[in-house]
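Just so it is clear: in the sequence shown, position 116 is 107 by this note's numbering, and no numbers are missing.
C-beta: ideal position from N, C-alpha, C; glycine also.
Here the structure is a predicted model, which means the values were calculated and not measured.
The next block holds one structure in the form of structure tokens; read it before the comments.
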Amino acid sequence: MKVSIIIPTYNEAENIGPLVRFLLTHGKSSLVDIIVSDGGSNDATIERATEAGAAVVSSPAKGRALQMNYGASQAKGEVLYFIHADCFPPATFMKDLQQAIGDGYDMGRYRTKFDSGKTILKINEWFTRFDLFMCMGGDQTFFIKHSLFDQCRGFREDLEIMEEFEFCSRARKSGTYKILNGAALISARKYKHNSWLRVQLANARIMRMYKRDASSREMVATYQHLLSQNAY
């Protein structure tokens, strides 16, 4: 089974090199390509990604959903693995994906572990073991069979936020979903600029808006207003 990794980026020069090298080290022969789909970075993201060994493609426009779709269109693997630039999966990620696919699952994610020692964030971490709407997020990384991704026509490119939630809701109607053992290490940078309570309230507000079919523009504007850092 061959795996393609897709990483959407925008000004991630600090993070992308170490991540690509980590993935190459632990992906080994089953990793067919790492595609960095860049949304017009004006820092050294492209140079750092290329130096580390990734294939860099320039997305037609900035936007995580569009960038991930464009990266997936270039991918050669039978399984697509989407990772944000500030996330690290466990070193066993390739074995875990192969095991899940071998067991008959079509897609899935890891739990969450923050790169922070704050005790209160462990509450968030603990809940991500459950298959609940509020416990899912793209930061946990996401894998899916390439054929199913194409069948579901990828992420909705009109969504600037909540695109992972929307896609998973559709894809799960056609395939089986697995929460992997272990956790992806994700950045807590959002919490460095906002209190834990403020982030939770903002997330809850966006989820309510999403469930009542609020527009993507309205949700993004609300999130930017509620949090001091645009970090969705």
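- Query: Helix, strand or coil: which one does DSSP assign to residue 24?
  - Reply: Note: residue 24 maps to strand in three-state DSSP.
- alpha helix (DSSP H) containing residue 99: first to last residue? No alpha helix (DSSP H) contains residue 99, which is instead part of the beta strand (DSSP E) from 98 to 105.
- Item | Where residue 58 falls, given that 16 or more other Cβ within 10 Å makes a residue buried | Flag for residue 58 reads buried.
- Span of the alpha helix (DSSP H) holding residue 7? Residues 4 to 18.
- Hey, could you find the ends of the alpha helix (DSSP H) residue 146 is sitting in? Counting along the chain, residue 146 falls outside any alpha helix (DSSP H), and DSSP gives it neither H nor E.
- Identify, in the order they occur along the chain, each residue of the same chain with its Cβ nearer than 7 Å to the Cβ of residue 193, setting aside the five sequence neighbours on each side. Apart from the 5 residues on each side of it in sequence, residue 193 sits with its Cβ closer than 7 Å to the Cβ of 214, 217 and 218 in its chain, given in chain order.
- From residue 110 to residue 7, what distance separates their C-alpha atoms? Approximately 27 Å, taken between the alpha carbons.
- Give me the Cα-Cα distance between residue 118 and residue 196, rounded to the nearest whole angstrom. Their backbone Cα atoms lie some 19 Å apart in a straight line.
- Report the three-state DSSP secondary structure of residue 185 (helix, strand or coil). Note: residue 185 maps to coil in three-state DSSP.
- Message: Quick check: what's the CA-CA separation for residue 20 versus residue 188?
- Response: C-alpha separation (whole angstroms): 43 Å.
- Residues that residue 175 bridges to, as DSSP identifies them: Note: residue 175 sits in a beta bridge opposite 103.
- Task: Look at the alpha carbon of residue 55 and the alpha carbon of residue 151, and state the distance between them as a whole number of angstroms.
- Result: One C-alpha to the other measures close to 7 Å.
- Query: Would you say the stretch 159 to 166 touches the stretch 175 to 190, given that touching needs at least three Cβ pairs under 8 Å?
  - Reply: As far as the Cβ criterion goes, the stretch 159 to 166 does not touch the stretch 175 to 190, which means the pair count is below three.
- Close Cβ partners of residue 131 (< 6 Å) along its chain, the five nearest in sequence each way excluded: Once the five neighbours on either side are set aside, the close Cβ partners of residue 131 are 100, 101, 103 and 175.
- Proximity of residue 137 and residue 71 at Cβ, strictly below 8 Å: Their beta carbons are under 8 Å apart, which means residue 137 touches residue 71 by this criterion.
- Residues in its own chain within less than 6 Å of residue 96 by CB, not counting five upstream and five downstream? If we look at residue 96 and ignore the five residues flanking it on each side, its Cβ neighbours are 167 and 169.
- Query: Under the three-state reduction of DSSP, which class applies to residue 72: helix, strand or coil?
  - Reply: In this structure, DSSP gives residue 72 an extended state, which the three-state scheme calls strand.
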